[in-house]
Amino acid sequence: MKLLLHNEEFAKPLLEKLFESVNNHKDKDGKIEIYISSNGGKLSVLHAALNLINSNPEIFKIVGYAYLYSSAFEFYMCSLCEKILLPMTSGMFHLSYSSIYLNDRNKPNFASDVSEMEKNKKFYYPHSQNIMKLCEFTNTEIKKVNRGYDLYVQFDRMKEMEAAYIKNFLSN
7 MKLLLHNEEF AKPLLEKLFE SVNNHKDKDG KIEIYISSNG GKLSVLHAAL
57 NLINSNPEIF KIVGYAYLYS SAFEFYMCSL CEKILLPMTS GMFHLSYSSI
107 YLNDRNKPNF ASDVSEMEKN KKFYYPHSQN IMKLCEFTNT EIKKVNRGYD
157 LYVQFDRMKE MEAAYIKNFL SN
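Quick note: to get my numbering, add 6 to the position in the sequence shown (first position is 1).
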C-alpha cells in the first residue's frame with residue numbers, strides 16, 4: 007500500500023504525485039490510497055486526475071475527510087475506484103466555471119476571456135447539471151446551485167449522493 011495526502015488546492019503538484027505513484031506502482035504494492043481534504047482548485051487538474059484514476063480504478067482507493075469542496079467534491083463523487091468517506095466530512099458543490107475578467111461594461115477584457123466564457127456556457131454548465139442529476143440533488147438543491155450559491159452538505163447527505171452517483175453512472 008502507498009499513501010498519498012492531498013490537503014491543498016487541485017493544482018499541478020496533485021497530478022505530479024498521482025503520476026509518480028502510478029509510474030512506481032507494482033502489483034505487489036497493493037492500492038494507492040489518497041487521503042483528500044481540499045477546498046477545490048483547477049478544473050483542468052480535476053479532470054486529468056479523474057481520467058488517471060478512472061483508467062486504473064483497481065489500484066486506487068480514495069479516503070475523503072474533513073471537507074471536500076468544489077473540485078474535491080466532484081473528484082470524490084466521480085472517482086470510480088474504491089472510496090471511503092470518513093464521518094464528519096462535509097462537502098460543497100457549486101456551478102463549475104473558469105475565471106474570466108470583465109471590464110466595467112461587463113464584457114470580457116481579453117480574447118482568452120471570451121474563449122473561457124464560451125467554455126463555461128458549452129461545457130461547465132451542462133457538466134454541473136449532469137453531476138447534479140447523477141447525484142440526485144433535490145429540486146431545492148438544484149435551484150440553489152443554479153442561482154449561483156454554494157451548496158454545503160453534511161456526511162449523511164454526501165453518502166446519499168455518492169450512492170446515487172454510483173447507481174446512476176452504472177445504469178448509463
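Using N, Cα and C, we set each Cβ at its ideal position, and we do this for glycine too.
Could you compute how far the alpha carbon of residue i sits from the alpha carbon of residue j?
i    : j    : result
A123 : P114 : It is Met, not Ala, that sits at residue 123 in the sequence shown. Taking the straight line from one Cα to the other gives about 8 Å.
Y130 : A54  : 15 Å
Q160 : K149 : 18 Å
E64  : K127 : 34 Å
I172 : D119 : 35 Å
N112 : N136 : 28 Å
K139 : M167 : 10 Å
K165 : L157 : 15 Å
Y155 : E147 : 10 Å
L176 : E14  : 30 Å
F116 : K34  : 51 Å
T144 : F79  : 17 Å
Identify whether residue i lies in helix, strand or coil by the three-state DSSP scheme.
i    : result
F66  : strand
E14  : coil
M88  : In the sequence on display, residue 88 carries Glu and not Met. Three-state DSSP puts E88 in a strand.
S102 : coil
E22  : helix
P132 : helix
E39  : strand
Y155 : coil
S96  : strand
K8   : strand
S44  : strand
For residue i versus residue j, is the C-beta distance shorter than 7 Å?
i   : j    : result
S50 : L101 : no
K67 : K32  : no
I59 : C87  : yes
Y71 : M98  : no
G46 : S77  : yes
What is the C-beta distance between residue i and residue j, in whole angstroms, given that I count them as a contact (C-beta under 8 Å)?
i   : j   : result
L9  : E39 : 5 Å
F81 : L52 : 6 Å
V28 : N57 : Not really, about 12 Å apart at Cβ, beyond 8 Å.
F25 : S44 : Not confirmed; about 18 Å, so no contact.
Any Cβ of chain B within less than 7 Å of the Cβ of residue i?
i    : result
N126 : No chain B appears in the structure shown, which is made up of a single protein chain.
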